[in-house]
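Shown next, in structure tokens, is the structure this report addresses.
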Amino acid sequence: MDKKDMQKLVETLNKKGFNAKYFSNAAEAKAAVLDMIGPGETVGIGGSMTIYDMKLHEELKAKGNQVFWHWLVEPGERNDARSKAANADVYLSSTNAMTLEGELVNIDGTGNRVSSMFFGPKKVIIVCGENKIAKDYDAAIDRIKNTACPANARRLKLSTPCAVTGKCNECSSKERMCNVTVKIQYPTTGRDINILLVGESLGY
Ligand code: SF4
């Protein structure tokens, strides 16, 4: 997607009440995220390769912010970290997909990430690489099920069909990741949802 189309998507998102902005690369987006988070604010993070690869958690900790992320703790502490993240001042995540109509489409296994995006912290910051942009809802689901989920299943070493074939077959596996599907069409009441669209491929 070229810069002009991404800027058009930014306009669409802003008309809907999101606070959206375009950044040409991850470094600029990272600096903007760090500027948006005050020194005393606590930060919850959802499962996100985008945020992990940008090393935002490390920068925030170095700045003195308290960070709650279940990826950074022992298995027995993960639920506590998820709850603390949902009650933090700021929630930081990516999105599995973004449609050209300005809808955020996400599929989750536990549900903490998607619920915290629309009913958690008052300030939400979403970083979205250009690879996440999909024409419409069907294309968004297709990219999640056949690109993001297989990659996540392999990373997590899950026994799901998509981990083996790279394609979704709507499994009923015990390790199924696709338990809840959420489409955020407009910002939810009382929430400040900031979206940083980045002209680079980020996460998967
Ligand atoms: S439904 Fe099953 S096979 Fe399909 S993407 Fe989800 S975990 Fe993979």
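As numbered in our numbering, residues 1 to 204 make up the sequence shown, in order.
We put the beta carbon where it would ideally sit given N, CA and C, even for glycine.
Fair warning: this is a prediction, and the values are worked out from it, not measured in the lab.
* **Buried versus exposed call for Val33 [16 or more other C-beta atoms within 10 Å across all chains shown]** => Buried, because 16 or more other Cβ atoms sit within 10 Å of the Cβ of Val33.
* Buried versus exposed call for Tyr186 [16 or more other C-beta atoms within 10 Å across all chains shown] -> Under this definition Tyr186 is an exposed residue.
* **Cut-off 6 Å between Cβ atoms - residues of its own chain near Lys145, not counting five sequence neighbours on either side** => Spatial neighbours of Lys145 in its own chain (CB-CB distance under 6 Å, excluding positions within 5 residues in sequence) are listed in chain order as Cys168.
* To do: Check each residue's C-beta against every heavy atom of the ligand GTP and list, in chain order, those closer than 6 Å.
  => The ligand GTP is not part of the structure shown, which contains the ligand SF4 as its ligands.
* By the 10 Å Cβ neighbour count, where 16 or more other Cβ atoms means buried, how is Phe68 classified, buried or exposed? -> Label assigned to Phe68: buried.
* Selected residue, minimal CA-CA separation from Asp138, among Ala85, Met98, Ala31, Glu11 -> The option with the nearest alpha carbon to Asp138 is Met98.
* Asked: In the DSSP assignment, what residue or residues form a beta bridge with Ala97?
  -> Bridge partners of Ala97: Val105.
* Within 8 Å, strictly: CB atoms of Tyr22 and Gly203 -> It is not a contact, given that the beta carbons lie outside the stated cut-off.
* Asked: How many whole angstroms separate the CB atoms of Asn112 and Val182, which I take to be in contact at a CB cut-off of 8 Å?
  -> Between Asn112 and Val182 the beta-carbon gap is near 12 Å, outside 8 Å, which marks them as no contact.
* Asked: At what residues does the beta strand (DSSP E) containing Tyr22 begin and finish?
  -> Start and end: 19–23.
* If we ignore side chains and look at the alpha-carbon of each, how far apart do Asn131 and Ser201 end up? -> CA-to-CA, the gap between Asn131 and Ser201 works out to about 5 Å.
* Asked: Under a three-way DSSP split, which group does Val73 fall into?
  -> Reduced to three states, the DSSP call for Val73 is coil.
* Looking at the C-beta of Asp35, does it have a partner C-beta in chain D at a distance below 8 Å? -> The chain inventory of the structure shown lacks chain D, comprising one protein chain alone.
* **Secondary structure of Ile45, DSSP reduced to three states** => The three-state reading of DSSP puts Ile45 in strand, counting E and B together.
* What do you reckon, are the CB atoms on Thr165 and Glu101 nearer than 8 Å? -> It is not a contact, given that the beta carbons lie outside the stated cut-off.
* Asked: Quick check: the segment 118–130 against the segment 144–163, are there 3 or more CB pairs under 8 Å?
  -> Judged by pairs of C-beta atoms under 8 Å, the segment 118–130 does not touch the segment 144–163, as fewer than three such pairs exist.
* Asked: With burial defined as no fewer than 16 other Cβ atoms inside 10 Å of the residue's Cβ, what is the status of Gly46: buried or exposed?
  -> By the Cβ-count criterion, Gly46 is buried, with 16 or more other Cβ atoms from all chains shown falling within 10 Å of its own Cβ.
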